[in-house]
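Quick note on numbering: the sequence shown equals residues 455 to 780 in our numbering. For each residue, glycine too, the CB sits at the ideal point set by N, CA and C. Model, not experiment: these values are computed from the prediction. Okay, so here's the structure we're looking at.
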Amino acid sequence: MKNEKWKYKVGGRARGIIPSLFLAVLFGGVSIYLYLDKQGIFLFSLLLTAIALVLVFVCIFQAKFVKVLIGERGIFYQTKPGNGRFAAYREISEAWESSGESLNGMEQHFVNYRPADGRVVRFPFYPYESEGVHYLIKCVREGGAGILPPDTDEGCKAYIIDGKIYGKTSIVVCIALLALMLAITVPLISGVRGRGLGGIMLLGGIGTALIILAAVIIRYLCFKVWIGKSGFYFRSGPFNGRFYQYRDIAGCKIEKKVYKHYSRFYSGPGRQLYYYYFIFTDKSGRIRKFQFQQPIYGHEVETLKKRIDQAAGISRKRRKTRKSSI
455 MKNEKWKYKV
465 GGRARGIIPS
475 LFLAVLFGGV
485 SIYLYLDKQG
495 IFLFSLLLTA
505 IALVLVFVCI
515 FQAKFVKVLI
525 GERGIFYQTK
535 PGNGRFAAYR
545 EISEAWESSG
555 ESLNGMEQHF
565 VNYRPADGRV
575 VRFPFYPYES
585 EGVHYLIKCV
595 REGGAGILPP
605 DTDEGCKAYI
615 IDGKIYGKTS
625 IVVCIALLAL
635 MLAITVPLIS
645 GVRGRGLGGI
655 MLLGGIGTAL
665 IILAAVIIRY
675 LCFKVWIGKS
685 GFYFRSGPFN
695 GRFYQYRDIA
705 GCKIEKKVYK
715 HYSRFYSGPG
725 RQLYYYYFIF
735 TDKSGRIRKF
745 QFQQPIYGHE
755 VETLKKRIDQ
765 AAGISRKRRK
775 TRKSSI
């Protein structure tokens with residue numbers, strides 16, 4: 455790897471560090487002023503300062519340790535100190551690009567590749583980095599490993615959809631928001647002595663935050679879709695996992711839903727939220743669905759739908775053959 459000539463670099467840049475530094479200085483200055491003025495609310499601004507400093511640290515960490523180097527013979531991928539790994543193109547069985555709208559409607563782009571151990575590795579990139587991404591995919595395909603007949607076992611690779619990606623980040627954000635809410639509401643609850651409508655609303659807000667945190671943790675630990683050659687395994691909770699044969703699925707579809715979120719404090723047109731669902735009906739007529747991130751798992755979900763449709767087409771051909779033989 456030392457002699458490798460790197461042609462492109464993805465990541466490894468301190469994106470967002472200037473806004474984070476600005477917020478840290480702003481909230482820090484407010485915290486000092488409120489503390490010197492002996493106002494107890496300085497704890498709230500101090501918490502915001504801590505969050506801004508964490509964002510600064512994340513930006514510096516990503517710039518230093520999170521990077522992808524693309525060379526003539528292979529790719530080097532690193533996400534933290536000491537875990538950098540080089541993979542030669544001949545060792546990568548497939549590579550693809552996935553993109554789509556995230557929850558807030560922002561367009562996101564990801565590169566996915568499967569090294570020799572079979573584990574899919576993915577990383578985000580920006581449009582101005584697409585030249586290096588296209589070069590990576592081109593090298594994998596020209597290497598021969600990424601070109602496989604669709605009717606072979608190798609062509610029916612297994613894919614996994616789960617809640618691990620951004621799962622820890624979501625949990626940390628929920629915990630931070632819960633701590634922020636507690637820092638705001640605990641003094642207010644003591645002021646109203648937990649009585650009346652105000653106390654109920656404050657306690658209800660904390661309860662809602664706890665429910666959201668529990669849902670995020672359950673999705674991180676339990677949600678899983680394993681896509682195999684003859685069927686797929688689906689689990690959305692701790693005890694409802696089940697394996698489905700493709701031929702036992704009566705129908706499936708990918709559905710995109712757009713919701714508008716209106717704020718009581720803003721009279722504008724509202725903010726649009728984008729949700730993607732995979733919906734399938736088993737042979738008993740039961741309809742089940744799961745939400746997925748289109749920019750991350752679009753390829754996997756399309757593969758799942760394609761294999762279900764192919765199994766349905768084979769079943770229809772067999773029925774026609776039986777009828778014609780009769």
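Where do the N-terminal and C-terminal ends of the beta strand (DSSP E) with residue i fall, by residue?
i, result
"Lys592", "Segment 584–596 is the alpha helix (DSSP H) holding Lys592; no beta strand (DSSP E) there."
"Leu557", "That residue, Leu557, is in no beta strand (DSSP E); it is neither H nor E in DSSP."
"Tyr728", "725–736"
"Arg539", "539–542"
"Gly561", "First, the residue type needs correcting, since residue 561 is Glu and not Gly in the sequence shown. Per DSSP, Glu561 belongs to the beta strand (DSSP E) from 561–568."
"Val520", "First-last for Val520: undefined, no H or E at that position."
"Gly685", "685–689"
"Tyr698", "696–699"
Hey, quick one: how far does the alpha helix (DSSP H) through residue i stretch, first residue to last?
i, result
"Val679", "Per DSSP, Val679 belongs to no alpha helix (DSSP H); it is in the beta strand (DSSP E), 678–681."
So, with DSSP's three-state summary, where would you put residue i?
i, result
"Phe496", "helix"
"Thr533", "coil"
"Ala468", "coil"
"Pro749", "helix"
"Ala765", "helix"
"Val574", "coil"
"Gly617", "coil"
"Ala612", "coil"
"Leu602", "Note that Leu602 scores 48 on pLDDT, short of 50, meaning its location in the model is unreliable and no value can be drawn from it."
"Ile546", "coil"
"Phe719", "In this prediction, Phe719 scores a pLDDT of 46, lower than 50, which makes its location untrustworthy; the coordinate-derived value is nonetheless stated afterwards. If DSSP states are grouped into helix, strand and coil, Phe719 belongs with coil."
"Glu551", "strand"
"Arg527", "coil"
"Arg673", "helix"
"Lys760", "helix"
"Phe693", "coil"
"Lys459", "coil"
"Tyr489", "helix"
"Phe483", "First, the amino acid is wrong: residue 483 is Gly here, not Phe. The answer is helix: DSSP assigns Gly483 an H, G or I state."
"Lys739", "Sequence check: residue 739 is Gly here, not Lys. Gly739: coil per DSSP, three-state reduction."
Just to confirm before moving on: does the CB-CB distance between residue i and residue j stay below 8 Å?
i, j, result
"Glu548", "Tyr567", "yes"
"Ala506", "Ser474", "yes"
"Val574", "Glu551", "no"
"Ile762", "Asp736", "no"
"Gly525", "Lys461", "yes"
"Ile546", "Val587", "no"
"Leu501", "Leu634", "yes"
"Phe577", "Gly466", "no"
"Asp616", "Lys678", "yes"
"Tyr674", "Lys743", "no"
"Thr639", "Gly659", "yes"
"Ile708", "Lys759", "yes"
"Phe693", "Gly685", "no"
Return the Cβ separation of residue i and residue j in integer angstroms, given the expectation that the two are a contact with Cβ distance under 8 Å.
i, j, result
"Trp680", "Ile614", "6 Å"
"Lys714", "Tyr728", "Not confirmed; about 11 Å, so no contact."
"Leu488", "Ser499", "6 Å"
"Phe732", "Val755", "5 Å"
"Tyr543", "Gly597", "4 Å"
"Ala765", "Tyr700", "4 Å"
"Ile471", "Val510", "6 Å"
Check whether the Cβ of residue i lies closer than 8 Å to any Cβ atom in chain C.
i, result
"Asn566", "The chain inventory of the structure shown lacks chain C, comprising one protein chain alone."
Touch test, the segment 516–527 against the segment 476–494, Cβ-Cβ under 8 Å, three pairs minimum: no
Contact the segment 554–567 vs the segment 732–749: 3+ CB pairs below 8 Å: yes
The segment 537–555 contacting the segment 509–516, beta-carbon criterion three pairs below 8 Å: no
Sufficient close CB pairs (3 or more, under 8 Å) joining the segment 623–634 to the segment 683–696: no
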